[in-house]
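Here's the structure, in structure tokens; my notes come after.
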Amino acid sequence: MTTHPNLCALDAGHMASLVERLGWPSYRTRQILQWIYQHRIRDIAGMSNLSLMDRETLGREAVMERLASPTLFQSADGTMKFLFSLQDGLTVESVLIPDGRRLTQCVSTQVGCTLDCGFCVTGHMGLKRNLKAHEIVDQILTAQDHLRPGDRISSLVFMGMGEPLANFDELSEALTRLTDTEWGMGFPKRRITISTAGFSPRLHEVAKLGVNLAISLNASTSEQRARLMPMMNRLHPLPDLLAACRAYPIPANRHLTFEYVLLQGENDSADDAVRLSRLLRGIRCKINLIPFNEFPGNPFRRPEDPVIAAFQTILRQKGYDVFIRHNRGRDVLGACGQLGTLPGRTGAESLSIGP
Ligand code: SF4
Numbered sequence: 000m001t002t003h004p005n006l007c008a009l010d011a012g013h014m015a016s017l018v019e020r021l022g023w024p025s026y027r028t029r030q031i032l033q034w035i036y037q038h039r040i041r042d043i044a045g046m047s048n049l050s051l052m053d054r055e056t057l058g059r060e061a062v063m064e065r066l067a068s069p070t071l072f073q074s075a076d077g078t079m080k081f082l083f084s085l086q087d088g089l090t091v092e093s094v095l096i097p098d099g100r101r102l103t104q105c106v107s108t109q110v111g112c113t114l115d116c117g118f119c120v121t122g123h124m125g126l127k128r129n130l131k132a133h134e135i136v137d138q139i140l141t142a143q144d145h146l147r148p149g150d151r152i153s154s155l156v157f158m159g160m161g162e163p164l165a166n167f168d169e170l171s172e173a174l175t176r177l178t179d180t181e182w183g184m185g186f187p188k189r190r191i192t193i194s195t196a197g198f199s200p201r202l203h204e205v206a207k208l209g210v211n212l213a214i215s216l217n218a219s220t221s222e223q224r225a226r227l228m229p230m231m232n233r234l235h236p237l238p239d240l241l242a243a244c245r246a247y248p249i250p251a252n253r254h255l256t257f258e259y260v261l262l263q264g265e266n267d268s269a270d271d272a273v274r275l276s277r278l279l280r281g282i283r284c285k286i287n288l289i290p291f292n293e294f295p296g297n298p299f300r301r302p303e304d305p306v307i308a309a310f311q312t313i314l315r316q317k318g319y320d321v322f323i324r325h326n327r328g329r330d331v332l333g334a335c336g337q338l339g340t341l342p343g344r345t346g347a348e349s350l351s352i353g354p
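Going by numbering that gives the first Met the number 0, 107 is the number at position 108 of the sequence shown; the sequence numbering is gapless.
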């Protein structure tokens, strides 16, 4: 087994150290990083502005290992789900969602999840492990490889498998590589959203990253949240979360986003809508309603359309911007809450069952 470092796994500092150790000029660090993040090459031989001799030297000192080609699932609505096999045999998923001229990628930060939200397939898996920064970034590099020439991913949401703020250091390093304009992928920070299930003590650290913040709230009372998101609510109860949201320094022209998965007979009543409006009073925000995406073995059901519309209307009458998130990619289990492997099934089997 090779002990040579994987260039894709090195941060900019370690890359500079490698370049220095090879006795090369410092600008070579930028060149190598640009090959990885801007040109998305897969091997050292492709670094054509390095001499053949330098490429051979680099090849003796390091390897370049991107994630293996993913298995691709194409939904009838245009959504693409990528199933990546990691080097240790685990798998992780990412979803590319077209919406008019926009193309949003939902990115994973963990294999499985420590949390146990009752409406989520990933939560049923338990946590296998955190993803490394390069495994996070590679989901985006690879998705970009699969686009038609000229197409670009317009926004990123860290809302796939896992709780992003439970893997903060690797997420933060991944964001550096995604947003750096000199050598990285150059994504504008305002087009990146981190979605948390409510890690309130870490919200101030997200503020420093300069990206958008979404909070997966899903309940209008503490009791309800304790039922739906037991572990997160135990760790960071609803009042603490709302206090952290109120203290969050929202930049001018931006807002927080609250996600609310609508579950039939659980949190979808008119009283819930009114209580939710009171909870969020005074916070500059918009609300995304996500009608539950059903999956086998789960007791929750999607509310009827008139119930969803009535919930939206009440919140709108209270002055909120409220959007209903259309279910995309349900036929490939790529919709919100559907990523991951169901108990007793392999990843491929989970993928083959329709909602
Ligand atoms: S909803 Fe998010 S935080 Fe909750 S179990 Fe699923 S992946 Fe984890």
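Here a beta-carbon is modelled for each residue, glycine too, at the ideal position from N, C-alpha and C.
No experiment lies behind these values; they were computed from the predicted model shown.
Fill in: Neighbourhood of the ligand SF4 [Cβ distance below 5 Å to any heavy atom], ordered by chain position
The filter returns Cys-112, Leu-114, Cys-116, Cys-119, Thr-121, Gly-122, Glu-162 and Ala-196, in chain order.
Discussion item. Using beta carbons (cut-off 9 Å, strictly below), is Asn-129 in contact with chain B?
Written reply: Going by chain labels, chain B is absent from the structure shown, which holds only one protein chain.
Worksheet item: Where DSSP assigns a beta bridge to Leu-82, which residues make up the other side?
Response: The sequence position of residue 82 within the sequence shown is 83, counting from 1. In the DSSP output, where bridge partners are listed per residue, Leu-82 has Thr-70 and Glu-92.
Worksheet item: In angstroms, rounded to a whole number, what distance separates the CA positions of Arg-101 and Thr-78?
Response: Indexing the sequence shown from 1 puts residue 101 at position 102. Indexing the sequence shown from 1 puts residue 78 at position 79. Arg-101 and Thr-78: Cα-Cα distance of roughly 12 Å.
Item to complete: For Arg-315, verify whether its CB is less than 8 Å away from any heavy atom of the ligand MN.
Response: Absence of the ligand MN is noted for the structure shown, with the ligand SF4 being the only ligands found.
Worksheet item: How about Phe-198 and Ala-165: do their beta carbons lie closer than 9 Å?
Response: As a first step, residue 198 must be located in the sequence shown, where it is residue number 199. As a first step, residue 165 must be located in the sequence shown, where it is residue number 166. Result yes, Cβ atoms of Phe-198 and Ala-165 sit closer than 9 Å.
Worksheet entry | Separation of Asp-76 from Gly-353, as counted between CA atoms | Numbered from 1 along the sequence shown, position 354 holds the residue referred to as residue 353. Numbered from 1 along the sequence shown, position 77 holds the residue referred to as residue 76. Low confidence applies here, because Gly-353 scores a pLDDT of 25, under 50, leaving its location unreliable and the question unanswered by this model.
Worksheet item: If we count the other Cβ atoms within 10 Å of its Cβ and call it buried at 16 or more, is Met-52 buried or exposed?
Response: For the purposes of this step, residue 52 is identified with residue 53 of the sequence shown, where counting begins at 1. If you draw a 10 Å sphere on the C-beta of Met-52, you find fewer than 16 other C-beta atoms in it, and that means exposed.
Practice prompt. Output yes or no for whether 9 Å exceeds the beta carbon distance between Ile-43 and Gly-58.
Written response: Residue 43 sits at position 44 when you count from the first residue of the sequence shown. Residue 58 sits at position 59 when you count from the first residue of the sequence shown. Here Ile-43 is near Gly-58, since their CB atoms are less than 9 Å apart.
Discussion item. Applying the 10 Å Cβ sphere with the 16-neighbour rule, what's the burial state of Lys-127?
Written reply: Within the sequence shown, residue 127 is the residue found at index 128, counting from 1. Under this definition Lys-127 is a buried residue.
Worksheet item: By DSSP, does Leu-338 sit in helix, in strand, or in coil?
Response: For this step, residue 338 is matched to residue 339 along the sequence shown. Per DSSP, reduced to three states, the secondary structure at Leu-338 is coil, with no helix or strand assignment.
Practice prompt. Name the two residues that bound the continuous alpha helix (DSSP H) containing Thr-28.
Written response: On the sequence shown, residue 28 is found 29 positions in, with the first residue counted as 1. First-last of the alpha helix (DSSP H) with Thr-28: 26-36.
Practice prompt. Give a yes or no on whether the C-beta atoms belonging to Gly-358 and Cys-105 are separated by under 9 Å.
Written response: Residue 358 falls outside the range modelled here, since the chain spans only 0 to 354, and no answer is possible.
Fill in: Alpha carbon of Tyr-259 to alpha carbon of Ala-11, nearest angstrom
Numbered from 1 along the sequence shown, position 260 holds the residue referred to as residue 259. Numbered from 1 along the sequence shown, position 12 holds the residue referred to as residue 11. Taking the CA atoms as reference points, Tyr-259 sits about 38 Å from Ala-11.
Fill in: For Leu-126, the first and last residue of its enclosing beta strand (DSSP E)
On the sequence shown, position 127 is the one that residue 126 refers to. Leu-126 -> beta strand (DSSP E) spans 126-129.
Worksheet entry | C-beta contact flag for Thr-192 and Thr-256 at 9 Å | Position 193 of the sequence shown, counting from 1, holds the residue named residue 192. Position 257 of the sequence shown, counting from 1, holds the residue named residue 256. A contact, by the Cβ cut-off of 9 Å.
Practice prompt. Give the DSSP-derived three-state secondary structure of Gln-263 in the structure shown.
Written response: On the sequence shown, residue 263 is found 264 positions in, with the first residue counted as 1. The three-state reading of DSSP puts Gln-263 in coil, since its state is none of H, G, I, E or B.
Discussion item. Which of the three DSSP states is assigned to Ser-219 in this structure?
Written reply: What you label residue 219 is simply residue 220 of the sequence shown in a count that begins at 1. Residue state for Ser-219 is assigned as coil, using DSSP reduced to three classes.
Discussion item. Looking only at its chain, what residues have a beta carbon closer than 8 Å to the beta carbon of Ala-213, apart from the 5 residues adjacent to it on each side?
Written reply: Your numbering for residue 213 matches position 214 in the sequence shown. Cβ neighbours of Ala-213 beyond the five flanking positions: Val-156, Met-158, Thr-192, Ile-193, Ser-194, Thr-195, Leu-255, Thr-256, Phe-257, Glu-258 and Asn-287.
Item to complete: State the CB to CB distance for the pair Asp-137 and Arg-65, rounded to an integer number of angstroms; the pair is presumed to be in contact (CB under 8 Å).
Response: Start at 1 with the first residue of the sequence shown, and residue 137 comes out as number 138. Start at 1 with the first residue of the sequence shown, and residue 65 comes out as number 66. Rounded, the Cβ-Cβ distance is 6 Å, consistent with contact.
Item to complete: Out of Arg-39, Leu-85, Phe-310 and Ile-31, point me to the one whose CA is closest to His-145's CA.
Response: Counting from one through the sequence shown, the residue named residue 145 turns up at place 146. Among Arg-39, Leu-85, Phe-310 and Ile-31, the Cα nearest to that of His-145 is on Arg-39.
Practice prompt. Identify the continuous alpha helix (DSSP H) that holds Cys-284 and give its terminal residues.
Written response: Here residue 284 refers to the residue found at position 285 of the sequence shown. Run containing Cys-284: none in the alpha helix (DSSP H); it sits in the beta strand (DSSP E), 284-290.
Discussion item. Strictly by DSSP, which residues pair up with Ala-213?
Written reply: Stepping through the sequence shown from its first residue, residue 213 is reached at position 214. In the DSSP output, where bridge partners are listed per residue, Ala-213 has Ser-194 and Thr-256.
Worksheet item: Do you know whose CA, among Thr-220, Leu-314, Ser-153 and Asp-98, lies nearest Leu-189's CA?
Response: Residue 189 sits at position 190 when you count from the first residue of the sequence shown. Before going further, note that residue 189 is Arg rather than Leu in the sequence given. Out of Thr-220, Leu-314, Ser-153 and Asp-98, the CA that lies nearest to the CA of Arg-189 is found in Ser-153.
Item to complete: Counting only the same chain and skipping the five closest in sequence on each side, list residues whose C-beta sits under 8 Å from that of Arg-300.
Response: On the sequence shown, residue 300 is found 301 positions in, with the first residue counted as 1. Excluding residues up to 5 positions away in sequence, Leu-262, Gln-263, Gly-264, Phe-291 and Glu-293 lie with their Cβ nearer than 8 Å to the Cβ of Arg-300 in the same chain.
Discussion item. I'd like to know whether the C-beta atoms of Thr-56 and Leu-6 end up nearer to each other than 9 Å.
Written reply: Your numbering for residue 56 matches position 57 in the sequence shown. Your numbering for residue 6 matches position 7 in the sequence shown. No Cβ-Cβ contact shorter than 9 Å links Thr-56 with Leu-6.
Discussion item. Quick check on this structure: which residue in Met-230, Asp-320 and Asp-267 has the alpha carbon closest to the alpha carbon of Arg-253?
Written reply: Here residue 253 refers to the residue found at position 254 of the sequence shown. Looking at the Cα atoms, Asp-320 is the closest of the given residues.
Worksheet item: Mind checking Pro-69: buried by the 16 CB within 10 Å criterion, or exposed?
Response: Counting from one through the sequence shown, the residue named residue 69 turns up at place 70. Looking at its Cβ environment, which holds 16 or more other Cβ atoms inside 10 Å, Pro-69 is buried.
Worksheet item: Candidates Thr-121, Asn-211 and Glu-222: which alpha carbon is nearest Ser-107's?
Response: Taking the sequence shown and counting its residues from 1, one reaches residue 107 at position 108. Comparing Cα-Cα distances from Ser-107 to each of Thr-121, Asn-211 and Glu-222, the minimum goes to Thr-121.
Practice prompt. Quickly, what does DSSP pair Thr-103 with across the bridge? List them, please.
Written response: For the purposes of this step, residue 103 is taken as the residue at position 104 of the sequence shown. The partner list for Thr-103 (beta bridge, DSSP) reads Ile-96 and Ser-154.
Practice prompt. Assign Phe-310 to buried or exposed, taking buried as 16 or more other Cβ atoms, counted over all protein chains shown, within 10 Å of its Cβ.
Written response: In the sequence shown, the residue the question calls residue 310 occupies position 311. Counting Cβ neighbours within 10 Å, Phe-310 comes out buried, since at least 16 surround it.
Worksheet item: Should Glu-303 be labelled buried (16 or more other beta-carbon atoms within 10 Å of its own) or exposed?
Response: In the sequence shown, residue 303 corresponds to position 304, counting from 1. Counting every other CB atom within 10 Å of its CB across the protein chains shown gives Glu-303 a total below 16, marking it as exposed.
Practice prompt. Flag this pair as yes or no: are the beta carbons of Asn-217 and Asn-297 separated by less than 9 Å?
Written response: Against the sequence shown, residue 217 aligns to sequence position 218. Against the sequence shown, residue 297 aligns to sequence position 298. For the 9 Å CB-CB criterion, Asn-217 and Asn-297 do not form a contact.
Worksheet item: Does the Cβ-Cβ distance between Ile-135 and Glu-169 come in under 9 Å?
Response: Position 136 of the sequence shown, counted from the start, is the residue given in the question as residue 135. Position 170 of the sequence shown, counted from the start, is the residue given in the question as residue 169. Between Ile-135 and Glu-169, the gap from beta carbon to beta carbon is short of 9 Å.
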